[in-house]
Amino acid sequence: MFSEQFYIDQLLAHKIKPNSWLALYVVRAYLQGHMCVNIAEQLFPQISTLFADVQSIPLEVELSAEIEQSVRKEAQEPLPPTLIIDGQSIYLEKAHRLEKSLMCEVQRLASAEPYLKLRSISHPEHLTQEQRSAIDLSCSYPFTLITGGPGTGKTYTAGVWLKSIAVSTSGRLRVALVAPTGRAVQNLERSIKRFIEDNVTFETQTLHRAISTESMLPYHAIIIDEGSMIDADLMVRFLRLIHGGVRILMLGDSDQLPPIEPGQPFVQLRSVPRATLVESRRTASSSLLELFDAVRSGDGEKMFDVLSSASDCQIYECQSKEDWQVVRAKIETFFDDELLQKNIILTPVRKGPWGSEELNKLFLPRSDSHQPVVVTKNLHTYSLMNGELGLFDKAQGLIRFDQGTLPAVLCPHIDLAYAMTVHKSQGSEFETVFFILPPGAIVDKRLIYTACTRAKKRLIIAANKEDLLISLGS
-13 MFSEQFYIDQ LLAHKIKPNS WLALYVVRAY LQGHMCVNIA EQLFPQISTL FADVQSIPLE
47 VELSAEIEQS VRKEAQEPLP PTLIIDGQSI YLEKAHRLEK SLMCEVQRLA SAEPYLKLRS
107 ISHPEHLTQE QRSAIDLSCS YPFTLITGGP GTGKTYTAGV WLKSIAVSTS GRLRVALVAP
167 TGRAVQNLER SIKRFIEDNV TFETQTLHRA ISTESMLPYH AIIIDEGSMI DADLMVRFLR
227 LIHGGVRILM LGDSDQLPPI EPGQPFVQLR SVPRATLVES RRTASSSLLE LFDAVRSGDG
287 EKMFDVLSSA SDCQIYECQS KEDWQVVRAK IETFFDDELL QKNIILTPVR KGPWGSEELN
347 KLFLPRSDSH QPVVVTKNLH TYSLMNGELG LFDKAQGLIR FDQGTLPAVL CPHIDLAYAM
407 TVHKSQGSEF ETVFFILPPG AIVDKRLIYT ACTRAKKRLI IAANKEDLLI SLGS
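Take -13 as the starting number for the sequence shown in our numbering and just add one per residue.
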């Protein structure tokens, strides 16, 4: 019934406080990306998601309610020194220390006088009012965030911001374009490169590469993409290497899941000026954008209206075992050779009949000449990060990644990627997404939003309608 990881987490929690659901809850939350648990909020469905591997699916309502009751009772009792209460939040001591360090670095950079003194900024006529406001805000402060969903023009706005800085500043500028993964860096460079003026020298690199030398970074301005994927520890290590006075613009989508590692600074940096882009300029699929908006706002009725009427959205409403058998048959015919890196199956969990591990096993008998793979552990030597995708050429024994090709023997931490967990898919886009919400699963709304927004052209969902509506909060 219980996974190996659950027993390991239980041992860690037992050292903090024996036989404690609260300690186990905080440990599980930390190891699954959360810096703390907020006991002022309703803990379900987060508890359900955090304990997903207890039954190979997120917990049912009754068991989650029992755990929540125990957690709240223990929170009123004296806590060991390794658990810290700050307001209504409970942290592991090291997580609390890390969050304080993050706030210190952010305050240092946000309060510094910018090196670059800007003259008046003019905007191209084709910008939306949201984009104009975002650029004005970013020119007014040394450290700014821009958040928005897919198609809202975050990187385009950042490019115009950079051009505005370049044309209003005398002398040469050194600019860094950084992101958590090699794929995200390449996407950022493609979007920004056309805005580079003659007086700008720019460098592109992953965050891990940028901090590898532990030297202060020699830039006047830095654009950081996929900020919602950056965990607290990585953010602190990066910000520590930035001189006060550097102009920083960070882009991301605050409605996505938190990073794989603990902390979600992009959401939590409330002291940093933030611009929000809502209006989408991606017109390829207006129905997809309408569905994304419905999920983000938790409007289940609107979501099902789109799913039942749009040609590029589809849902299998699964009420019985026979319905789920139909879904499994559809999955087995979902790929051909040309779609290996264009399509993806997404699921909330790794284990169980609808987990990514079991779904990938469905494709083992296939005789494909190529196989999609995903990196499961950071390989800094080759600038490969956890979650990065590649295509394995079985005949040649090579794996093609966005930043180059490597022999498979040099990449020991690789899994098949016909199916992935939603967490692993962050920062990636696919032509078609087949999202599975396992029977009985109740998950966080942000997980559903993250899964759906990976789709560029088509979205297929398999779920029990009631489970989906509860997860959305409808």
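Ideal Cβ positions, reconstructed from N, Cα and C, are used throughout, including at glycine.
Asked	Found
Distance check for V222 and A170, CA to CA, integer angstroms please.	20 Å
Can you say whether T391 is buried or exposed, counting buried as having 16 or more other CB atoms within 10 angstroms of its CB?	exposed
Assign G338 to buried or exposed, taking buried as 16 or more other Cβ atoms, counted over all protein chains shown, within 10 Å of its Cβ.	buried
Which of the three DSSP states, helix, strand or coil, is assigned to N173?	helix
At which residues does the beta strand (DSSP E) containing T475 begin and terminate?	The structure shown has nothing for residue 475, since the chain only spans -13 to 460.
List the residues that DSSP assigns as beta-bridge partners of M406.	L332
Cutting at 7 Å between CB atoms, please list the residues of its own chain near Y205, excluding the five before and the five after it.	R160, V161, A162, V232
For my contact list, I137 and Q389 are in at a C-beta cut-off of 8 Å; report their separation, rounded to the angstrom.	Contrary to the premise, residue 137 reads as Gly rather than Ile in this sequence. The pair is not a contact, with the Cβ atoms about 25 Å apart (cut-off 8 Å).
Among the residues of its own chain, which have a CB less than 8 Å from the CB of I178, if the five just before and after it don't count?	T141, A144, G145, L148, L163, F188, I209
For S150, which option in T133, G135, P110 has the closest C-alpha, if you only look at C-alpha atoms?	P110
For D241, does the count of other Cβ atoms within 10 angstroms reach 16, so buried, or fall short, so exposed?	buried
Count the other CB atoms, across all protein chains shown, that sit within 10 Å of the CB of R352; report buried if there are 16 or more and exposed otherwise.	exposed
Keeping to the same chain, check which residues put their C-beta closer than 7 Å to that of P393; ignore five residues upstream and five downstream.	G383, L384
Tell me where the alpha helix (DSSP H) around D219 begins and ends.	218 to 225
Do the CB positions of I301 and L95 come within less than 8 Å of each other?	no
Pull up the CB-CB distance for V264 and L277, whole angstroms please, since I reckon it's below 8 Å.	Going by Cβ atoms, the distance from V264 to L277 rounds to 15 Å, so no, they are not a contact pair.
Verify the CB distance criterion: does S306 have a CB-CB separation below 8 Å to chain B?	The structure shown has no chain B; it contains just one protein chain.
Please determine, among R282, T367, D239, E63, the residue with the shortest C-alpha to C-alpha distance to T262.	D239
By the three-class DSSP mapping on this structure, what secondary structure does R158 have?	coil
Do you know how far the Cα of L84 is from the Cα of D217?	11 Å
Between the alpha carbons of T130 and M202, how many angstroms are there, rounded?	20 Å
So, using beta-carbon positions, are L275 and I317 closer together than 8 Å?	no
Over what stretch of residues does the alpha helix (DSSP H) that includes Y435 continue unbroken?	431 to 438
Using the Cβ count rule (16 or more neighbours within 10 Å means buried), how would you classify C90?	exposed
Can you give the beta carbon distance from P244 to Q250, rounded, assuming they're within the 8 Å contact cut?	4 Å
Helix or strand or just coil, what does DSSP make of Y205?	coil
With a cut-off of 8 Å on the beta carbons, I'd call Q493 and S257 a contact; round off their distance for me.	Absent from the structure is residue 493, since the part of the chain shown begins at -13 and ends at 460.
Just to confirm the assignment, what range does the beta strand (DSSP E) spanning M289 have?	Taken as a continuous stretch (DSSP letters only), M289 belongs to no beta strand (DSSP E), being part of the alpha helix (DSSP H) at 286 to 295.
For G135 and D285, I'd like the C-alpha separation in whole angstroms.	16 Å
Quick check on the burial criterion: 16 or more other C-beta atoms within 10 angstroms. Buried or exposed for T212?	One detail in the question is off: residue 212 reads as Glu in this sequence, not Thr. Label assigned to E212: buried.
Between the Cα of E247 and the Cα atoms of M21, P66, K3, which residue gives the shortest distance?	M21
In angstroms, rounded to a whole number, what distance separates the CA positions of L454 and D309?	16 Å
State yes or no: is the C-beta of H356 within less than 8 Å of the C-beta of D379?	yes
Between the C-alpha atoms of D122 and P128, what's the straight-line distance to the nearest angstrom?	12 Å
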